[in-house]
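Chemist: Have a look at the structure that comes next, please.
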Amino acid sequence: NAGVTQTPKFRVLKTGQSMTLLCAQDMNHEYMYWYRQDPGMGLRLIHYSVGEGTTAKGEVPDGYNVSRLKKQNFLLGLESAAPSQTSVYFCASSGVGRNTEAFFGQGTRLTVV
Amino acid sequence: AQSVAQPEDQVKVAEGNPLTVKCTYSVSGNPYLFWYVQYPNRGLQFLLKYITGDNLVKGSYGFEAEFNKSQTSFHLKKPSALVSDSALYFCAVRDMRSDKLIFGTGTRLQVFP
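Protein chains in written order, with the numbering used here: chain F, 403 to 515; chain X, 7 to 119.
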């Protein structure tokens, strides 16, 4: 049982380049989330999904897109990376009802130069 | 809109002393509340949750939290701190209308020998 797996773990991008971060969960969770963590800012919700084929905007969605074509995968895309998107990105998944605590991946450290 | 406030950036306690990490929240309707811990270069780990029922919730590693509806607070506590408890702690709230899971800015706990 791997839990939540993020790929890649590290990446350096040049300004204007694009990339996709992959999140995979093997717990059959309905909900999945993408956060970014910056010093002093805590975790800020970028986008989230409440089920296969659904996505919704979080607190800081600008500059990012997401897709959830399969229940177990949640992709985060950066179409044209900017230095302000330098951050650590975390994916999480959770169940519904009382089993609603989120499980997190190990994070992706992204640097945009 | 839902929100979570952790008023202390840092909490320092001596080993063996009780610790409290504060959290207040704002959400429409009944909240689902959570505490997570993050060790350096790791993802977040779930500690405990409040869904309904007893206001005092017990979680992992001897931590507990007290839900206070009138004060909209969910403070994390431990009767006797350990040096190994030193980490970054996050409070989170789920808005049951939007299904967003929103985090506070985090509190760094330092337990000194």
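C-beta atoms are modelled at their ideal positions from N, C-alpha and C, and glycine is treated no differently.
Quick caveat: nothing in here was measured; it's all calculated off a predicted structure.
Report the option in F:Ile448, F:Ser469, F:His431 and F:Arg438 whose CA atom is closest to the CA atom of Leu424 (chain F).
Modeler: As a first step, residue 424 (chain F) is located in the first sequence; it is residue number 22 there, counting from the start. Comparing Cα-Cα distances from Leu424 (chain F) to each of F:Ile448, F:Ser469, F:His431 and F:Arg438, the minimum goes to F:Ser469.
Chemist: Leaving out the 5 sequence neighbours to the left and right, which residues in its chain are closer than 7 Å to Gln419 (chain F) when beta-carbon positions are compared?
Modeler: Numbered from its first residue, the first sequence carries residue 419 (chain F) at position 17. Result list for Gln419 (chain F): Ala483, in chain order.
Chemist: Where does the unbroken beta strand (DSSP E) through Asp101 (chain X) begin, and where does it stop?
Modeler: Stepping through the second sequence from its first residue, residue 101 (chain X) is reached at position 95. No beta strand (DSSP E) holds Asp101 (chain X); DSSP gives it neither H nor E.
Chemist: What does Thr111 (chain X) touch in chain F if you count any residue whose Cβ is under 9 Å from its own?
Modeler: Against the second sequence, residue 111 (chain X) aligns to sequence position 105. Gly442, Met443, Gly444 and Leu445, listed in chain order.
Chemist: For Gly460 (chain F), does the count of other Cβ atoms within 10 angstroms reach 16, so buried, or fall short, so exposed?
Modeler: Here residue 460 (chain F) refers to the residue found at position 58 when the first sequence is read from its first residue. Flag for Gly460 (chain F) reads buried.
Chemist: Could you check whether the Cβ of Gly49 (chain X) sits closer than 8 Å to any Cβ belonging to chain F?
Modeler: As a position in the second sequence, residue 49 (chain X) is number 43, starting the count at 1. For Gly49 (chain X), the answer is yes, since a Cβ of chain F falls inside 8 Å of its Cβ.
Chemist: Measure the alpha-carbon distance for Lys411 (chain F) versus Gln508 (chain F) and round it to whole angstroms.
Modeler: Mapped onto the first sequence, residue 411 (chain F) falls at position 9. Mapped onto the first sequence, residue 508 (chain F) falls at position 106. Between Lys411 (chain F) and Gln508 (chain F), the C-alpha separation is close to 8 Å.
Chemist: Kindly give me the distance between the Cβ atoms of Thr26 (chain X) and Thr78 (chain X), rounded to whole angstroms, as I take these residues to be in contact under 8 Å.
Modeler: By 1-based counting over the second sequence, the position of residue 26 (chain X) is 20. By 1-based counting over the second sequence, the position of residue 78 (chain X) is 72. 16 Å between Cβ atoms; not a contact.
Chemist: Suppose contacts are defined by Cβ-Cβ distances below 8 Å. Is Thr583 (chain F) in contact with Tyr491 (chain F) by that definition?
Modeler: Chain F is shown from 403 up to 515; residue 583 (chain F) falls before or after that span and cannot be answered.
Chemist: With a cut-off of 8 Å on the beta carbons, I'd call Pro37 (chain X) and Val89 (chain X) a contact; round off their distance for me.
Modeler: Taking the second sequence and counting its residues from 1, one reaches residue 37 (chain X) at position 31. Taking the second sequence and counting its residues from 1, one reaches residue 89 (chain X) at position 83. Contact doesn't hold; Cβ gap of about 32 Å is too wide.
Chemist: Per DSSP, what kind of secondary structure is Tyr67 (chain X) in: helix, strand or coil?
Modeler: Residue 67 (chain X) sits at position 61 when you count from the first residue of the second sequence. Note: Tyr67 (chain X) maps to helix in three-state DSSP.
Chemist: When burial is assigned at 16 or more other CB atoms within 10 Å of the CB, is Arg438 (chain F) buried or exposed?
Modeler: Position 36 of the first sequence, counting from 1, holds the residue named residue 438 (chain F). By the neighbour-count rule (16 or more Cβ atoms within 10 Å), Arg438 (chain F) is buried.
Chemist: Closer than 9 Å by beta-carbon distance: list the chain X residues that pair up with Gly507 (chain F), in chain order.
Modeler: Numbered from its first residue, the first sequence carries residue 507 (chain F) at position 105. Those are Gly49, listed as they occur along chain X.
Chemist: Would you mind working out which of F:Cys493, F:Gly497, F:Asn501 and F:Thr502 sits nearest Val406 (chain F), comparing C-alpha positions?
Modeler: Mapped onto the first sequence, residue 406 (chain F) falls at position 4. Per the Cα distances, F:Cys493.
Chemist: For Val43 (chain X), tell me which candidate among X:Phe96, X:Val63, X:Gln8 and X:Gln16 has the shortest Cα-Cα distance.
Modeler: As a first step, residue 43 (chain X) must be located in the second sequence, where it is residue number 37. Val43 (chain X) has its Cα closest to that of X:Phe96, out of X:Phe96, X:Val63, X:Gln8 and X:Gln16.
Chemist: Please work out which residues of its chain come closer than 7 Å, Cβ to Cβ, to Val10 (chain X), disregarding the five sequence neighbours upstream and downstream, and give them in chain order.
Modeler: Sequence index remark: in the second sequence, residue 10 (chain X) carries index 4 (1-based). Taken in chain order, the residues that qualify are Cys29, Tyr31, Cys97, Ala98, Val99, Ile108, Phe109 and Gly110.
Chemist: Smallest Cα separation from Phe118 (chain X): which of X:Ala71, X:Gly59, X:Tyr67 and X:Val19?
Modeler: Here residue 118 (chain X) refers to the residue found at position 112 when the second sequence is read from its first residue. Taking only the C-alpha atoms, the option nearest Phe118 (chain X) is X:Val19.
Chemist: Do you know offhand how far Leu480 (chain F)'s Cα is from Leu445 (chain F)'s?
Modeler: The count along the first sequence starts at 1 and reaches residue 480 (chain F) at position 78. The count along the first sequence starts at 1 and reaches residue 445 (chain F) at position 43. Rounded to whole angstroms, Leu480 (chain F) to Leu445 (chain F) spans 18 Å at the Cα level.
Chemist: DSSP on Gln44 (chain X), reduced to helix/strand/coil?
Modeler: Against the second sequence, residue 44 (chain X) aligns to sequence position 38. Three-state DSSP puts Gln44 (chain X) in a strand.
Chemist: Which of helix, strand or coil does DSSP assign to Ser90 (chain X)?
Modeler: Here residue 90 (chain X) refers to the residue found at position 84 when the second sequence is read from its first residue. If DSSP states are grouped into helix, strand and coil, Ser90 (chain X) belongs with the helices.
Chemist: Are the C-beta atoms of Ala426 (chain F) and some chain X residue less than 8 Å apart?
Modeler: As a working mapping, residue 426 (chain F) is identified with position 24 in the first sequence. No, Ala426 (chain F) lies away from the interface with chain X (no Cβ there is under 8 Å from its Cβ).
Chemist: Quick one: which chain F residues come within Cβ less than 7 Å of Phe40 (chain X)?
Modeler: Position 34 of the second sequence, counting from 1, holds the residue named residue 40 (chain X). Near Phe40 (chain X) (Cβ distances below 7 Å), the residues of chain F are Glu503.
Chemist: Who are the Cβ neighbours of Ser489 (chain F) in its own chain at under 7 Å, not counting the five residues just before and after it?
Modeler: Here the question's residue 489 (chain F) lines up with position 87 in the first sequence. Counting only Cβ-Cβ distances below 7 Å, and skipping sequence neighbours, we find Arg438, Gln439, Asp440 and Leu512.
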